[in-house]
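When you read off a place in the sequence shown, starting at 1, and then add 153, the result is the number in the numbering used here.
Where a beta carbon is used, it is the ideal one built from N, C-alpha and C, also for glycine.
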Amino acid sequence: MHEVQDRPYIFCHMLTSLDGKIIGPYMDTPEGEAAGEEFHKIAFGGNPFYKHQGWLSGRVTTDDNFTDYRVPAVDEGAPPVPEGDFVAVADAPMYYVSVDPSGRLGWESATLHYEEVTAHVVEVLTGKASNAYKALLRQLGISYIIAGTDELDIALTLKKMKTLFGVKTLMLGGGGVLNWSFIQAGMCDEISIVMAAAADGSSDSPALFETRGGHAATKAMGFTLQEAKVLSGGSVWLRYLIKHDAENK
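This is the structure in structure tokens:
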């Protein structure tokens, strides 16, 4: 992994089915469970392949896995908070970075537990987030950064993660729209896919990359294969590097 000057090195690490879905009943098959264990070992095990300081996901992925679609317990009468970012913990060994532009996630704690991993929560907000929501985050001790007025500024998000929190390597972990947005913005360096030997045929499950909502362009791209490895349960681990724009024309 090469050094990136103004932002962390970004690797997109995802578990998928044979047909590229990132969630669904396939995950409950023996093959899906075996692939899930391999996915975890690569990024979060006792001796992970990637030595990162945090992972980043979108609002829906966070609600699906951690905040359970709770309504945030905001106080609309909260006094005005100071302008700008709020850094509660600047030296955590691991961060969970949640892209939540409008401030809708119902956090109850600044600490997130994911199996054996403990992480400090960082919310990525835009100017659309209310004072009441930012006051709640401060009350809970959750760090937040402001990255954009109405739309997420990916480059600013990553610059602040490096300068404010010292993150040198960051895992991008979905959903599909967020993954593709980072790639289209030139803010992803590597793709790591653990593909399970399973599928469920669902037409509603999100895919690895998506352009729903018009947040990124539908643009064909090629990638450079770095490694292909067979893992347990018939799963495979595929690593690709992102080609530069000139190579994709």
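Give me the Cβ distance between residue i and residue j, rounded to the nearest whole Å; I'm assuming they're in contact under 8 Å.
i, j, result
"A263", "A288", "Not a contact, Cβ separation roughly 14 Å."
"E191", "S385", "6 Å"
"F164", "L309", "F164 to L309, Cβ: 20 Å. No contact."
"A360", "I175", "7 Å"
"Y162", "K321", "7 Å"
"M167", "G327", "6 Å"
Taking buried to mean at least 16 other C-beta atoms within 10 Å of its own C-beta, is residue i buried or exposed?
i, result
"L378", "exposed"
"S356", "exposed"
"N401", "Unreliable placement is indicated for N401, whose pLDDT of 47 sits below 50; the coordinate value is still reported in the next sentence. Exposed."
"T169", "buried"
"D159", "exposed"
"A399", "With a pLDDT of only 45 at A399, under the threshold of 50, the placement of this residue in the model should not be trusted; the figure read from the coordinates follows. Flag for A399 reads exposed."
"N200", "exposed"
"R365", "exposed"
"A370", "exposed"
"H266", "exposed"
"G230", "exposed"
"E184", "buried"
"A187", "buried"
Where do the N-terminal and C-terminal ends of the alpha helix (DSSP H) with residue i fall, by residue?
i, result
"T182", "Premise fails: T182 is in no alpha helix (DSSP H) and is neither H nor E."
"L224", "According to the sequence displayed, residue 224 carries Val and not Leu. Unbroken run through V224: none, as it is neither H nor E."
"L317", "307-318"
"T215", "212-215"
"Q206", "First-last for Q206: undefined, no H or E at that position."
"N218", "Element bounds for N218: n/a, residue is neither H nor E."
Just to confirm the assignment, what range does the beta strand (DSSP E) spanning residue i have?
i, result
"T169", "162-169"
"G177", "Neither: G177 is in no beta strand (DSSP E) and is coded neither H nor E."
"V157", "Per DSSP, V157 belongs to no beta strand (DSSP E) and is neither H nor E."
"E343", "343-348"
"M324", "322-325"
Using a beta-carbon distance below 8 Å, is residue i in contact with chain B?
i, result
"L323", "Given the protein chain composition of this structure (a single chain), no chain B is represented."
Can you tell me whether residue i sits near the ligand SAH, meaning its C-beta is under 7 Å from at least one heavy atom of the ligand?
i, result
"V274", "No copy of the ligand SAH appears in this structure; indeed no ligand is present at all."
Closer than 8 Å is the cut-off here; do at least three beta carbon pairs connect the stretch 266-278 with the stretch 289-298? Yes, the stretch 266-278 touches the stretch 289-298.
Minimum length 3: unbroken beta strand (DSSP E) runs contained in the stretch 352-394: Fully enclosed beta strand (DSSP E) runs of 3 or longer: 376-383.
Give the list of continuous alpha helix (DSSP H) stretches no shorter than 4 residues that lie fully inside the stretch 232-295. List check, alpha helix (DSSP H) in window: 284-293.
Does the stretch 327-343 come close enough to the stretch 218-229 to have 3 or more Cβ pairs within less than 8 Å? Below 8 Å, too few C-beta pairs join the stretch 327-343 and the stretch 218-229 to call them touching: fewer than three.
Is it a yes or a no for the stretch 203-214 touching the stretch 309-328, going by three-plus beta-carbon pairs under 8 Å? Between the stretch 203-214 and the stretch 309-328, the count of C-beta pairs closer than 8 Å reaches three or more; the two stretches touch.
Contact between the stretch 184-204 and the stretch 388-398 is defined here as three or more beta-carbon pairs at a separation below 8 Å; is this criterion met? Three or more beta-carbon pairs separated by less than 8 Å link the stretch 184-204 to the stretch 388-398, which places the two stretches in contact.
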